[in-house]
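**Q**
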Amino acid sequence: MRHAARLLLILLLCAVAAQPLFAQEGDGESERPQRRGNPFGGDGDMVERIVGYLTEELQLDDGQITKVRTIMDEGMTKVFKRMAEVWQPGQDAPDYRNMRKVMEDLRLEMEQEIEGVLTDAQKREFHELSDNLDRRSQEWEQRARAWEDPTQMFEPAPLSKRILMAKAERSLFLGPDETRVVMGYVEAVLDKRIALAEGKKVRREDLANAFSGGASENEVRQRLNELRSVETLQSFELVTAQAELRALITVQQEVRLVALGILD
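Heads up, the sequence shown is in our numbering, so the first residue is 963 and it goes up one at a time.
1. Count the other CB atoms within 10 Å of the CB of GLY1137; is the residue buried (16 or more) or exposed (fewer)?
2. Should GLN1084 go down as buried or exposed, given a rule of 16 or more other Cβ atoms within 10 Å for buried?
3. When you compare only the Cα positions, how much space is there between THR1017 and ALA1209?
4. Can you name the start and end residues of the alpha helix (DSSP H) that ASP1024 belongs to?
5. In angstroms with no decimal places, state the Cα-to-Cα distance between GLN1214 and VAL1220.
6. Quick check: what's the CA-CA separation for LYS1154 versus THR1028?
7. Can you tell which of LEU1070, PHE1173, LEU1152 and ALA1128 has its C-alpha closest to the C-alpha of VAL1201?
8. What does the alpha-carbon distance come out to for the pair THR1081 and ARG1165?
9. Taking LEU1222 as the reference, give the member of ASP1168, LYS1162 and ALA1128 with the closest Cα.
10. Using the Cα positions of ILE1224 and GLN1204, report the straight-line distance between them to the nearest angstrom.
11. Measure the alpha-carbon distance for ASP1139 versus GLU1199 and round it to whole angstroms.
12. Let me know the secondary structure DSSP gives VAL1151 once reduced to three states.
13. Check the Cβ-Cβ distances between VAL1009 and every residue of chain D, and say whether any is below 8 Å.
14. Using CA atoms only, rank isn't needed, just tell me which of PHE1173, THR1141 and VAL1041 is closest to ILE1211.
15. For GLY1176, does the three-state DSSP call read helix, strand or coil?
16. With 16 other CB atoms within 10 Å as the buried threshold, where does ASP1096 fall?
17. Whose C-alpha, out of ARG1218, SER1178, VAL1182 and GLY1161, is nearest the C-alpha of THR1194?
18. Beta-carbon within less than 7 Å of GLU1075's beta-carbon, same chain only, minus the 5 sequence neighbours each way: which residues are those?
19. Taking only three categories from DSSP, how would you classify ASN1000?
20. Below 6 Å CB to CB, which residues in the same chain sit around GLY988 once its five sequence neighbours on both sides are set aside?
21. Skipping 5 residues on each side, what residues in its chain have a beta carbon closer than 7 Å to that of LEU1070?
22. For the alpha helix (DSSP H) that contains SER1122, what are its first and last residues?
23. Closest by CA to GLU1090, which one among ASN1060, SER1133, ALA1172 and GLN1184?
24. Quick check on ILE1076: does DSSP put it in helix, strand or coil?
25. Indicate the three-state DSSP secondary structure (helix, strand or coil) for ALA1106 in the structure shown.
26. When the Cα atoms are used, what is the spatial distance from ARG1218 to GLY1037?
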């Protein structure tokens, strides 16, 4: 039951929430979803499992339990309503990018509402719980991706920029003026990380396609050199952005960003 509750909470509070509910994106018939709606039973069952899990982990009192249950009930309604909006009957496949954004919006909204009924001590535990669940979901997603592409076993599944920005702002405990300045540098680091990761994937796919397509040895070597040169430059840009961010924050704040994987 505890494992099931963790999974259900991940489905609602993590950016990967939509992925277990739908098959991999593709055009093949076998890749299309085999089931619509809630795969875990009634909405009420899901809500009660999550509320029970949070009650046990955070030691919620009766008043908090009632408020969290209301938040989860309303959130569940929004989840399935928004899913229906992005995947209408007759569609071959939903818009996965839009679905991910929808789930991230709902996740951040629900987290904020739940935090509003918690004590400061409970908020810290809830943040830690959320971070642990994110790390677990990343591990699951990484293994799933590796079934399709073995190289992904060595590439951790990233959280979205929006989720990481929210986590960073929460963990740094900044005032309004500091937030406006520091979060711009946090965003710059994340942009460099994303550019490096996405560029690496595209360039390596292009290299593999060129090789399998019969490119000459000279062309392959040239592509290899270009790949390494670009990645070296992007890595340097990331290091520079991280150094600029470190110059603005305390050691304690740096530790928090390292724990989130924003800083190395």
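Ideal Cβ placement from N, Cα and C applies to all residues, glycine included.
**A** A quick look at the data gives this:
1. Within the sequence shown, residue 1137 is the residue found at index 175, counting from 1. Exposed, by the Cβ-count rule.
2. Numbered from its first residue, the sequence shown carries residue 1084 at position 122. Per the 10 Å Cβ criterion, buried.
3. By one-based count along the sequence shown, residue 1017 stands at place 55. By one-based count along the sequence shown, residue 1209 stands at place 247. Using only the alpha carbons, I get a separation of about 40 Å.
4. Along the sequence shown, read from residue 1 onward, the residue named residue 1024 stands at position 62. ASP1024 -> alpha helix (DSSP H) spans 1024-1048.
5. Position 252 of the sequence shown, counted from the start, is the residue given in the question as residue 1214. Position 258 of the sequence shown, counted from the start, is the residue given in the question as residue 1220. The straight-line gap from Cα to Cα measures roughly 10 Å.
6. Along the sequence shown, one-based indexing puts residue 1154 at 192. Along the sequence shown, one-based indexing puts residue 1028 at 66. C-alpha separation (whole angstroms): 43 Å.
7. Along the sequence shown, one-based indexing puts residue 1201 at 239. Of the candidates LEU1070, PHE1173, LEU1152 and ALA1128, the one whose C-alpha sits nearest the C-alpha of VAL1201 is LEU1152.
8. For the purposes of this step, residue 1081 is taken as residue 119 along the sequence shown, with counting starting at 1. For the purposes of this step, residue 1165 is taken as residue 203 along the sequence shown, with counting starting at 1. C-alpha separation (whole angstroms): 48 Å.
9. In the sequence shown, counting from the first residue as 1, residue 1222 sits at position 260. It is ALA1128.
10. Residue 1224 sits at position 262 when you count from the first residue of the sequence shown. Residue 1204 sits at position 242 when you count from the first residue of the sequence shown. Those two C-alpha atoms are separated by around 9 Å.
11. On the sequence shown, residue 1139 is found 177 positions in, with the first residue counted as 1. On the sequence shown, residue 1199 is found 237 positions in, with the first residue counted as 1. Approximately 26 Å between the Cα atoms of the pair.
12. Position 189 of the sequence shown, counted from the first residue, corresponds to residue 1151. Helix.
13. The structure shown contains no chain D; it holds only a single protein chain.
14. Locating residue 1211 in the sequence shown gives position 249, counting from the first residue. Cα-wise, what sits closest to ILE1211 is THR1141.
15. The residue given as residue 1176 occupies position 214 in the sequence shown. Residue state, collapsed to three classes: coil.
16. The residue labelled residue 1096 in the question sits at position 134 within the sequence shown. Its Cβ being crowded by 16 or more others within 10 Å, ASP1096 is buried.
17. Taking the sequence shown and counting its residues from 1, the one referred to as residue 1194 is at position 232. Checked all of ARG1218, SER1178, VAL1182 and GLY1161; the closest Cα to THR1194 is GLY1161.
18. Taking the first residue of the sequence shown as 1, we reach residue 1075 at position 113. Only ILE1033 meet the Cβ criterion.
19. The residue labelled residue 1000 in the question sits at position 38 within the sequence shown. Unreliable positioning characterises ASN1000 in this predicted model, as indicated by a pLDDT of 40, which lies under 50. The coordinate reading is nonetheless provided below. Correct three-state label for ASN1000: coil.
20. Locating residue 988 in the sequence shown gives position 26, counting from the first residue. Reliability of the predicted coordinates at GLY988 is poor, the pLDDT of 40 falling under 50, and no value is obtained from them.
21. Here the question's residue 1070 lines up with position 108 in the sequence shown. Counting only Cβ-Cβ distances below 7 Å, and skipping sequence neighbours, we find ALA1128.
22. Stepping through the sequence shown from its first residue, residue 1122 is reached at position 160. First-last for SER1122: undefined, no H or E at that position.
23. Position 128 of the sequence shown, counting from 1, holds the residue named residue 1090. Looking from the CA of GLU1090, the closest CA among ASN1060, SER1133, ALA1172 and GLN1184 belongs to SER1133.
24. Start at 1 with the first residue of the sequence shown, and residue 1076 comes out as number 114. ILE1076: helix per DSSP, three-state reduction.
25. Position 144 of the sequence shown, counting from 1, holds the residue named residue 1106. ALA1106 falls in the helix class under three-state DSSP.
26. Indexing the sequence shown from 1 puts residue 1218 at position 256. Indexing the sequence shown from 1 puts residue 1037 at position 75. In a straight line, the C-alpha of ARG1218 is about 29 Å away from that of GLY1037.
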